[in-house]
Every structure is written in C-alpha cells, then in structure tokens.
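So the number in this note's numbering is just where the residue sits in the sequence shown, counting from 1, plus 381.
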Amino acid sequence: LGPQASAFLDEMPAPDDDGEILVIQVDGKGAPMIGPEEHARRCKPHTKRPAGQSKRQVRRWRRRKKRSVRKKVGDKSKNARMATVGIVYTLRRLPDGTLEGPIHKRAIGTFKGARVLFQRLAREARKRGYGTKDTVFLADGANHLWTLQKEFFPGATPCLDWYHLCEYIWQAGGTVHRAGSDALATWVGERKDEFRRGEIDAALDAMKALGQNIGRSGPGTKGRRERLAKAIGYVENHRDFLQYEQLLARDLDIAT
Numbered sequence: 382l383g384p385q386a387s388a389f390l391d392e393m394p395a396p397d398d399d400g401e402i403l404v405i406q407v408d409g410k411g412a413p414m415i416g417p418e419e420h421a422r423r424c425k426p427h428t429k430r431p432a433g434q435s436k437r438q439v440r441r442w443r444r445r446k447k448r449s450v451r452k453k454v455g456d457k458s459k460n461a462r463m464a465t466v467g468i469v470y471t472l473r474r475l476p477d478g479t480l481e482g483p484i485h486k487r488a489i490g491t492f493k494g495a496r497v498l499f500q501r502l503a504r505e506a507r508k509r510g511y512g513t514k515d516t517v518f519l520a521d522g523a524n525h526l527w528t529l530q531k532e533f534f535p536g537a538t539p540c541l542d543w544y545h546l547c548e549y550i551w552q553a554g555g556t557v558h559r560a561g562s563d564a565l566a567t568w569v570g571e572r573k574d575e576f577r578r579g580e581i582d583a584a585l586d587a588m589k590a591l592g593q594n595i596g597r598s599g600p601g602t603k604g605r606r607e608r609l610a611k612a613i614g615y616v617e618n619h620r621d622f623l624q625y626e627q628l629l630a631r632d633l634d635i636a637t
C-alpha cells in the first residue's frame with residue numbers, strides 16, 4: 382500500500398493549526414527480511430504432535446533440529462534490508478514560553494535510498510513552512526545524511542542526535558570502567574552534563590585522559606584503544622552539530 386498511500390499523503394494540504402517551529406529527523410533502520418528457503422519453511426503446514434510427547438518435548442526437538450548461532454553483544458542481524466526513515470512535525474510556542482508538540486507528525490520511510498527520502502521530506506517540509514519557519518534537523522553521524530541536509534535543508538539548524546552521541550560516551554567510558562559499575566555511570570553522567578552545557582573541549586579532554594589508563598600491551602588493550610579512538614573521532618568529526626546548549630535553552634528537541 383506504500384505507493385498509493387504516499388501519493389495520497391503528498392496531495393494533502395498543510396494543516397491549518399500547525400506550529401511555528403519545524404522539526405525534521407532522519408535515521409537508517411534495518412528491516413528484518415527472510416530468504417526463499419526460510420519463507421518456504423514457514424509456509425509448511427504444522428505437523429501434529431507425536432503421540433506420547435508433550436509440547437515441551439516437541440519444542441526441544443525442533444530446537445535441536447534447527448540449530449542457530451547465538452549472537453554476541455553488539456552483533457546485528459545480517460538478514461536485514463536497510464530502510465531510511467524520516468519524521469516531520471511542528472512545535473507550537475505557548476503564551477508562557479514553553480513548547481507543545483509534536484503536532485501533526487508525519488513518518489516517511491523508503492527502501493529506495495536516502496536521496497529519495499530527502500526529496501519526499503523536502504516536499505513535506507516546504508508544505509509545512511520550511512524557509513519561513515525556524516527549522517531543526519536531527520540525524521545520527523552518517524556522513525551522507527549531513528551531505529543531503531546541506532543540499533535539501535541548508536537553512537535548518539543541524540543537531541547530532543543525542544542518543545547516538547550517548548552511545549559513544551558509554552563506549553568510551555567502558556574502555557576503563559567496568560560495565561554496570563557506579564564509576565562508569567558517574568563518568569558518563571559528567572560527560573553528558575558537559576555536552577549539554579556546551580563544554581565540548583572539557584568532555585573531549587576527559588575522554589582522551591582515559592587513554593592514560595589503558596596499557597600499551599596485554600589482552601584486550603588494542604581493542605580498548607580502538608574503541609576509545611573511535612568515540613573521540615566521532616565527537617571531533619561532528620563538533621559543528623553539537624548544539625545542545627543552544628537548543629535546550631530554547632526548549633527545542635535534541636534527540637530523535
């Protein structure tokens with residue numbers, strides 16, 4: 382129904398009671414898929430339970446028959462097809478200065494690539510007032526999304542999604558502090574406060590200081606150094622998009 386629904390939604394006029402602040406969010410998401418072999422297996426009629434066996438025994442037999450490899454922490458499914466998803470909505474400023482919303486949220490997704498999504502988002506955004514309304518654009522660290530943002534929404538305030546940044550903060554802290562420890566939670570909380578206050582140099586210095594506690598040799602040290610370097614590089618490469626202090630001061634969204 383996607384093609385028919387998208388054409389119908391594109392023809393709809395802009396809402397009369399829309400807010401005066403426009404928010405655009407983009408992210409990629411792997412949609413789980415199954416191959417022909419798995420599809421054929423699932424289409425087979427259910428076999429009757431053998432006489433004398435309980436449901437639990439049958440389930441155990443099926444598990445033994447079809448062994449699956451248990452995923453490790455951080456492993457992702459390899460049978461997914463990448464979709465690109467965008468969200469458009471507005472926020473309305475109330476008399477007391479606070480914001481309400483999201484208002485008239487529209488979700489758009491496609492398997493045809495990010496450029497096709499941005500073309501649809503641009504049509505929706507222009508309909509909703511892009512160019513005349515204050516606009517915020519949120520996305521993760523994927524470089525191609527920010528290239529398209531500059532092309533389609535150059536007038537929007539760019540902001541790196543807060544949740545994606547926090548993942549790298551936890552990753553950096555986990556190279557030194559034990560997972561689940563109070564020390565790790567405290568360290569991460571301090572870095573979050575620094576990023577919210579716009580103290581990016583202080584947060585980066587704290588992340589780089591962790592390297593002094595990682596040895597140059599020994600089991601696991603190479604991987605810890607690589608994870609820390611990746612987290613630091615993520616912050617440094619997206620520094621221009623870390624506008625949390627300015628956006629929070631205006632009560633605007635910083636996360637997708």
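The C-beta atom is built at its ideal place from N, Cα and C for all residues, glycine as well.
| Check | Outcome |
| --- | --- |
| Is the beta carbon of THR538 closer than 8 Å to that of PHE518? | yes |
| Go ahead and pull the three-state DSSP assignment for PHE518. | strand |
| Can you name, in chain order, every residue of its own chain whose Cβ lies under 6 Å from the Cβ of LEU472, other than the five neighbours on each side? | GLY400, ILE402, LEU480 and GLY482 |
| Three or more C-beta pairs under 8 Å: does that hold for the segment 610–619 against the segment 582–596? | yes |
| Tell me whether GLY592 sits in a helix, a strand or coil according to DSSP, three-state version. | helix |
| Please name the residue in ARG501, LEU623, ALA583 and GLY383 whose C-alpha comes closest to that of VAL469. | ARG501 |
| Would you please state the rounded distance, in angstroms, between the beta carbons of ALA495 and LEU526? I believe it to be under 8 Å. | 6 Å |
| What residue range does the beta strand (DSSP E) around LEU565 cover? | LEU565 -> not in any beta strand (DSSP E); alpha helix (DSSP H) instead, spanning 563–577. |
| Looking only at DSSP bridge pairs, what is PRO413 linked to? | ALA461 |
| Please confirm whether GLY522 and LEU541 have their CB atoms less than 8 Å apart. | yes |
| Tell me which same chain residues have a C-beta within less than 8 Å of the C-beta of THR516, skipping the five on either side of it? | ILE402, LEU403, VAL404, ILE405, ALA506, PHE534, GLY536, ALA537 and THR538 |
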